[in-house]
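Down below is the structure, laid out as C-alpha cells.
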C-alpha cells in the first residue's frame with residue numbers, strides 16, 4: 001500500500017501515536033514512583049538505568065511501607081493534613097458563599113468598597129505576605145479552654161484560619177450567584193423568608209457546580225500546602241504530609257521508604273482526581289475564563 | 001421595588017463580615033505590615049526594640065555600582081605585566097575597603113568584563129539577592145512563553161472529537177493535582193548525575209555516546225533543569241485554560257473558513273488566534289505570577305545552589321525572614337516582589353483594555 005497522506009486511518013493512527021507518546025511523558029515519573037515503592041533500595045537505584053525502573057519486577061514487597069510507618073509518624077501526618085484540609089474546605093465554602101451572597105444579592109452601605117478590596121487582594125500572591133504573616137500569627141491571641149494564649153505557631157488553627165477566606169473563592173461565588181435568576185430571590189423574600197432562609201433554602205440548592213469548583217480548588221491548595229506549614233509548624237505533632245516528608249531526609253535516606261511515603265500521600269489524590277476528573281478540569285477552566 | 005427587597009444593611013454586613021474580616025486580617029493587614037516592616041530592623045524574636053531605619057533595607061538589597069579598575073603602571077606609565085604577560089590590576093578590596101570610597105563599603109563583586117585596558121566590575125551590596133532577582137526573571141522569561149505555547153499546542157491537539165480524547169486530557173492534566181513537593185522529589189531521580197533516569201534515557205538514545213550530566217549539581221544546567229520540570233508540571237493547567245478559550249470560538253467561524261478554502265495555518269491565524277487573545281494574556285500573566293512565586297521546587301531540589309545559580313526571590317525572602325529570623329529583610333524582598341507583580345498586572349490591564 002502506497003503512503004497516502006490523506007489516508008484517514010493512517011492519520012488517525014499517527015494522531016493516537018503522538019497522543020500516547022505525550023501521555024508517557026506525563027505519567028512516567030508517577031509510574032516510577034509507584035513501582036519503586038515496592039523495591040528494596042539497592043534494586044531501586046540499580047533499576048534507574050533501565051526500563052525496569054517502570055516495571056514492578058524483581059524483589060517486590062510491601063517492606064518499604066512498613067519501614068515508612070516505623071520511621072515516621074505517617075498516620076499522624078495524614079491525619080493532620082486531612083483535618084486541616086477538611087475543616088478549611090468546609091469553613092471556606094460556608095464563609096465565602098455567605099459573603100458572596102451578600103455581595104451579589106443584598107444592597108448595603110459600604111458593599112462596593114468592601115467588594116473592591118476583596119477583588120484587589122487577587123493580585124497579592126501569598127508568597128509576598130508569608131513573612132509578615134508569620135510575624136503576625138506569632139503574636140496573635142487565642143482564647144482556648146485553658147485560658148488566654150499568645151501566639152499561634154505550632155497549632156492547627158494557624159494552618160486553617162488564614163486560609164478560609166480568599167478573593168478568588170468569593171469572586172467565583174459572586175460570579176455564579178449573579179447568573180442565577182433574581183426573581184427566585186425576590187420570590188423567597190415575598191413569601192416571608194428571612195435572608196438566611198433564602199441563602200440555604202433557595203440559593204445553596206442551586207449552587208452545586210460552584211460549590212464543587214470552590215471545594216476542589218481549596219482542596220488542592222490545602223492538601224498540597226508546603227511553604228506555610230514549613231514556617232509556622234516546627235512540632236511534628238501538627239505537621240501535614242508535605243512537610244512531614246522532611247522526616248525521611250534526616251540521617252541516611254532510605255529511598256524505597258521515601259517512594260512508599262510519596263505513593264501513600266499521592267495515590268489517594270490521584271484516585272480522587274480520576275473519579276472526579278471532569279469536575280477538577282472544569283474548576284480550573286472556570287478560574288481562567290471568569291478570572 | 002426590587003431595591004426595597006434587597007436593601008438590608010444589617011443582613012448585608014452580617015453575611016459579609018466573617019469573610020471580609022478574615023481577608024482583611026490575613027491578607028490586607030500583612031500586606032501593609034510588609035511595607036511597614038521593610039522600613040524597620042524587625043526580627044522574629046529579639047530582645048532589642050525595633051527601630052525605624054528608613055530605606056536602609058532597600059539600599060542594602062538594591063545597592064549597585066560600576067567601578068573601573070585601571071591597570072597598575074610603573075613610574076614610566078607602562079602597564080605592569082606578570083610573567084605570563086597578563087596586565088596587573090589593583091585588587092577590588094582596595095576600593096571597597098577604602099576610606100576614599102565610603103559609598104562602596106561592604107559591596108562585593110557581582111560580575112566583571114574587560115573594556116580596553118581597563119576592567120569594569122559591577123559591585124552589589126547583596127550579590128545573592130541580585131542573583132535571585134536575575135534568576136527569577138530568567139525563569140519567568142523562559143517558562144512563560146515556552147509553557148504557554150506548549151500548553152496551546154496540547155490544547156489544539158486535544159480539541160478534537162476522537163474516541164478516548166478525554167483519557168488523554170485527564171493524563172496530561174494529572175501532574176497538576178500532584179503536589180509540587182512530590183514532583184520535585186521525583187525529578188531529583190530523573191536529574192541524578194550517576195544513574196538518573198534522564199541520563200539513562202539519553203545514553204540509550206545515543207547508544208552510549210552521551211556523557212552523564214549532574215543536571216542539578218552543575219551551575220549551568222541547574223536552573224534550566226528546574227525550568228523544564230516546572231513546565232512539565234503545570235503545562236496541563238494552562239492547556240485546560242486554553243481549551244476553555246478554544247471552546248468559546250463559534251463553530252460557524254470554522255465552517256466559514258472551510259468554505260473559503262482556508263489552510264490549517266490560515267484558520268489558526270485568522271479564526272482561532274483572534275478568539276484567544278485575552279486568554280493568551282491571562283495565561284502569560286498566570287504563569288508569570290506562578291514563576292515569581294517559585295519556591296518549593298528550589299527548596300526541595302537545590303536549596304538555591306549550586307553557587308547560587310538557582311536562588312530566587314521567594315527562596316531568599318523565606319531564607320532571611322524565616323531561616324535567619326530577619327523579618328524586615330524578608331519583608332523588603334516581599335515588597336520588591338509585589339512591586340514587580342503589580343507592574344505586570346497593570347501591563348495586563350493595559351493589554352486587555354476595551355478598545
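Chains as they are written, first to last, in full-length UniProt numbering: chain A, 1 to 291; chain B, 1 to 355.
Note that beta-carbon positions come from the ideal geometry of N, C-alpha and C, so glycine has one too.
The CB of residue 292 (chain B) comes closer than 9 Å to the CB of 125, 127, 128 in chain A, given here in chain order. With its beta carbon less than 8 Å from one in chain A, residue 180 (chain B) belongs to the interface. Residue 115 (chain A) and residue 105 (chain A) do not touch by the CB rule: their CB atoms are close to 12 Å apart, not below 8 Å. Ranking B:258, B:138, B:18 by CA distance to the CA of residue 91 (chain A) puts B:18 first. Assignment of residue 111 (chain B) by DSSP, reduced to helix, strand and coil, places it in the strand class. Take the alpha-carbon of residue 218 (chain B) and the one of residue 283 (chain B): they are about 31 Å apart. Separation of the CB atoms of residue 230 (chain B) and residue 297 (chain B) is rounded to 6 Å, and the pair is thereby assigned contact status at 8 Å. Minimum Cα-Cα distance from residue 53 (chain B) among the listed residues B:68, B:153, B:36 corresponds to B:36.
Against chain A, the CB of residue 9 (chain B) has a partner CB under 8 Å away; the residue lies at that interface. The Cβ atoms of residue 145 (chain B) and residue 233 (chain B) lie no closer than 8 Å to each other. Per DSSP, residue 229 (chain B) is one residue of the alpha helix (DSSP H) stretching across 222-246. When rounded, the separation of the alpha-carbon atoms in residue 103 (chain B) and residue 208 (chain B) is 55 Å. At the C-beta level, residue 283 (chain A) and residue 169 (chain A) stay beyond 8 Å of one another. Among the residues of chain B, none has a CB under 9 Å from the CB of residue 41 (chain A); the nearest is roughly 13 Å distant. Bounds of the alpha helix (DSSP H) holding residue 35 (chain A) are 8-36. Straight-line spacing of the CA atoms in residue 66 (chain B) and residue 158 (chain A) works out to 46 Å. The Cβ atoms of residue 203 (chain A) and residue 101 (chain A) lie closer than 8 Å to each other.
For residue 195 (chain B) and residue 216 (chain B), the gap between their C-alpha atoms comes out near 13 Å. One finds 170 in chain B with Cβ atoms closer than 7 Å to the Cβ of residue 277 (chain A), taken in chain order. The straight-line gap separating the alpha-carbon atoms of residue 211 (chain B) and residue 221 (chain B) is approximately 14 Å. In its chain, beyond the 5 residues on either side, no residue has a beta carbon closer than 7 Å to the beta carbon of residue 84 (chain B). If you check each beta-carbon in the stretch 230-252 of chain B against every beta-carbon of chain A, the ones closer than 8 Å belong to 232, 236, 237, 240, 241, 243, 244, 245, 248. When the beta-carbon positions are compared, residue 135 (chain A) and residue 32 (chain B) stay at least 8 Å from each other.
Residue 266 (chain B) has its alpha-carbon roughly 16 Å from the corresponding atom of residue 250 (chain B).
The three-state secondary structure of residue 240 (chain A), taken from DSSP, is coil. Residue 109 (chain A) reaches chain B at 9, counting residues in chain order whose Cβ is nearer than 7 Å. Beta-carbon to beta-carbon, residue 158 (chain B) and residue 39 (chain B) are separated by about 50 Å, too far to satisfy the 8 Å threshold. By the Cβ criterion, the stretch 179-197 of chain A is not in contact with the stretch 243-254 of chain A, since fewer than three pairs of Cβ atoms, one from each stretch, lie closer than 8 Å. In the DSSP assignment, residue 12 (chain B) falls within the unbroken alpha helix (DSSP H) covering 9-23. Residue contact with chain A for residue 274 (chain B): absent (no Cβ-Cβ distance below 8 Å to any residue of chain A).
In this structure, residue 141 (chain A) sits near residue 150 (chain A), with a CB-CB distance shorter than 8 Å.
Within the stretch 272-341 of chain B, the complete alpha helix (DSSP H) segments at least 4 residues long are 277-292, 296-301, 313-318, listed from N- to C-terminus.
Linking residue 166 (chain B) to residue 18 (chain A) through their CA atoms gives a straight-line distance of about 15 Å. Residues of the same chain with a CB within less than 8 Å of the CB of residue 88 (chain B), apart from the 5 flanking positions on each side, are 71, 72, 79, 80, 81, 82 in chain order.
The beta-carbon separation of residue 7 (chain B) and residue 262 (chain A), rounded to 55 Å, does not stay under the 8 Å limit for a contact. The beta carbon of residue 328 (chain B) is closer than 7 Å to those of 37, 38, 40, 41, 42, 57 in its chain, skipping five residues each way along the sequence.
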